[in-house]
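Working notes, structure below.
Chains as they are written, first to last, in my numbering: chain A, 9 to 122; chain B, 658 to 771.
This is how it looks when you write it as structure tokens:
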């Protein structure tokens, strides 16, 4: 059982380049999330998808777009990368919005924008 | 605005020392509370959670946390740390009214010296 799988694990971009971070979960979860982790700031929510076919902005959505391709997959796209987007990106999934909701995380993608 | 504050950013302990990491949150309603751990090079893992009931909860690897509602706190404790506990620890809160929203603290890096 792989859980939440993210690709790639590492990426270096030049300013202005675009890329897509991939995330897939095999737990049949309804909800999926993208976070970024910066030193001293914890994890901040970029976008989330409460269910297949829906996406919503989180705390820091500027410069990003997302696609909930199907129930398993939720991708994050940087259209024109900026140095401020250098960060570690985590994808997470959860069963839904119920009382006992727990999020499960992938291993992360470490992105450097030069 | 809802927020989570972790008091210690970097803690250094010797093996067998006792650990207490502070976590306070600001939110007026009912919450779910979590501690996640991130070992070096790994993804975030759930350490323990509180949804309701006994405010003293036990998690994996001998960790426990106590929810004190009057103090809006959810401190993490371990009586005797091991070198393998070296990791970053995140406190997180989700409002019971929107359990898909997970708000993280800044994180505490724990370094245990052998």
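Each residue gets a CB set at the ideal place from its N, CA and C atoms; glycine is no exception.
*Please confirm whether residue 92 (chain A) and residue 33 (chain A) have their CB atoms less than 8 Å apart.*
In the first chain, the residue the question calls residue 92 (chain A) occupies position 84. In the first chain, the residue the question calls residue 33 (chain A) occupies position 25. Their beta carbons are not under 8 Å apart, which means residue 92 (chain A) does not touch residue 33 (chain A) by this criterion.
*Whole-Å CB distance - residue 622 (chain B) paired with residue 733 (chain B), under 8 Å assumed*: Residue 622 (chain B) falls outside the range modelled here, since chain B spans only 658 to 771, and no answer is possible.
*Report the residue from A:13, A:61, A:30, A:99 whose alpha carbon sits nearest the alpha carbon of residue 76 (chain A).*
Working through the first chain from its first residue, we reach residue 76 (chain A) at position 68. Of A:13, A:61, A:30, A:99, the residue nearest in Cα terms is A:61.
*Report the residues of the region 705–726 of chain B with a CB closer than 7 Å to any CB of chain A, ordered along the chain.*
706, 708
*Give a yes or no on whether 8 Å exceeds the smallest Cβ distance from residue 111 (chain A) to chain B.*
Locating residue 111 (chain A) in the first chain gives position 103, where the first residue counts as 1. True, the Cβ-Cβ gap to chain B drops below 8 Å.
_Cβ-based neighbour list, residue 3 (chain A), same chain, cut-off 7 Å, excluding 5 preceding and 5 following_ = Here chain A comprises residues numbered 9 to 122, so residue 3 (chain A) is not present and cannot be evaluated.
*So which of A:96, A:79, A:39 has the shortest CA-CA distance to residue 103 (chain A)?*
As a first step, residue 103 (chain A) must be located in the first chain, where it is residue number 95. Of the listed residues, the one whose Cα sits closest to residue 103 (chain A) is A:39.
*Compute the distance between the beta-carbons of residue 670 (chain B) and residue 746 (chain B), then report whether it is under 8 Å.*
The residue labelled residue 670 (chain B) in the question sits at position 13 within the second chain. The residue labelled residue 746 (chain B) in the question sits at position 89 within the second chain. It is not a contact, given that the beta carbons lie outside the stated cut-off.
*Could you say which of B:686, B:687, B:701, B:664 lies nearest to residue 744 (chain B) if we only look at CA atoms?*
For the purposes of this step, residue 744 (chain B) is taken as residue 87 along the second chain, with counting starting at 1. Answer by Cα proximity: B:701.
*Please determine, among B:698, B:770, B:712, B:729, the residue with the shortest C-alpha to C-alpha distance to residue 738 (chain B).*
Working through the second chain from its first residue, we reach residue 738 (chain B) at position 81. Of the listed residues, the one whose Cα sits closest to residue 738 (chain B) is B:770.
*Just the C-alpha distance for residue 753 (chain B) and residue 762 (chain B), rounded to the nearest angstrom, thanks.*
Counting from one through the second chain, the residue named residue 753 (chain B) turns up at place 96. Counting from one through the second chain, the residue named residue 762 (chain B) turns up at place 105. Looking at the two C-alpha atoms, the distance is approximately 18 Å.
*If you compare alpha carbons, which of A:21, A:17, A:20, A:41 is closest to residue 113 (chain A)?*
To locate residue 113 (chain A), count along the first chain from 1; it is residue 105. Checking every option, the nearest Cα to that of residue 113 (chain A) belongs to A:41.
*Which of the three DSSP states, helix, strand or coil, is assigned to residue 711 (chain B)?*
Position 54 of the second chain, counted from the first residue, corresponds to residue 711 (chain B). DSSP places residue 711 (chain B) in coil when its eight states are reduced to three.
*Is any heavy atom in the ligand FAD found nearer than 7 Å to the beta carbon of residue 769 (chain B)?*
In terms of ligand content, the structure shown is empty, and the ligand FAD therefore cannot be addressed.
*Give me the Cβ distance between residue 736 (chain B) and residue 660 (chain B), rounded to the nearest whole Å; I'm assuming they're in contact under 8 Å.*
For the purposes of this step, residue 736 (chain B) is taken as the residue at position 79 of the second chain. For the purposes of this step, residue 660 (chain B) is taken as the residue at position 3 of the second chain. With 8 Å as the limit, residue 736 (chain B) and residue 660 (chain B) do not qualify as a contact, their Cβ atoms being about 29 Å apart.
*Which residue comes first and which comes last in the beta strand (DSSP E) that contains residue 117 (chain A)?*
Within the first chain, residue 117 (chain A) is the residue found at index 109, counting from 1. Segment 117–121, the beta strand (DSSP E) holding residue 117 (chain A).
_Against chain B, which members of the region 32–49 of chain A pass a CB distance test of less than 7 Å?_
39, 48, 49
*Around the Cβ of residue 696 (chain B), are there at least 16 other Cβ atoms within 10 angstroms (buried) or fewer (exposed)?*
Walking along the second chain from the start, residue 696 (chain B) turns up at place 39. Residue 696 (chain B) should be labelled exposed.
*asked:* DSSP has residue 696 (chain B) in a bridge; who is on the other side?
replied: Looking up residue 696 (chain B) in the second chain gives position 39. Note: residue 696 (chain B) sits in no beta bridge, so no partner.
*Neighbourhood of residue 665 (chain B) by C-beta, 7 Å cutoff - its chain only, sequence neighbours within 5 removed*: Indexing the second chain from 1 puts residue 665 (chain B) at position 8. Only 678, 679, 765 meet the Cβ criterion.
*Could you pull out every residue in the same chain whose Cβ sits closer than 7 Å to the Cβ of residue 20 (chain A), ignoring the five residues on either side in sequence?*
Position 12 of the first chain, counting from 1, holds the residue named residue 20 (chain A). The residues are 120, 122.
*If you draw a straight line from the C-alpha of residue 5 (chain A) to the C-alpha of residue 23 (chain A), how long is it?*
Here chain A covers residues 9 to 122 and nothing more, so residue 5 (chain A) does not appear.
*Given that residue 679 (chain B) touches chain A, what residues does it touch there, using C-beta distances under 8 Å?*
Taking the first residue of the second chain as position 1, residue 679 (chain B) is located at position 22. Chain A residues near residue 679 (chain B): none, gap ~14 Å exceeds 8 Å.
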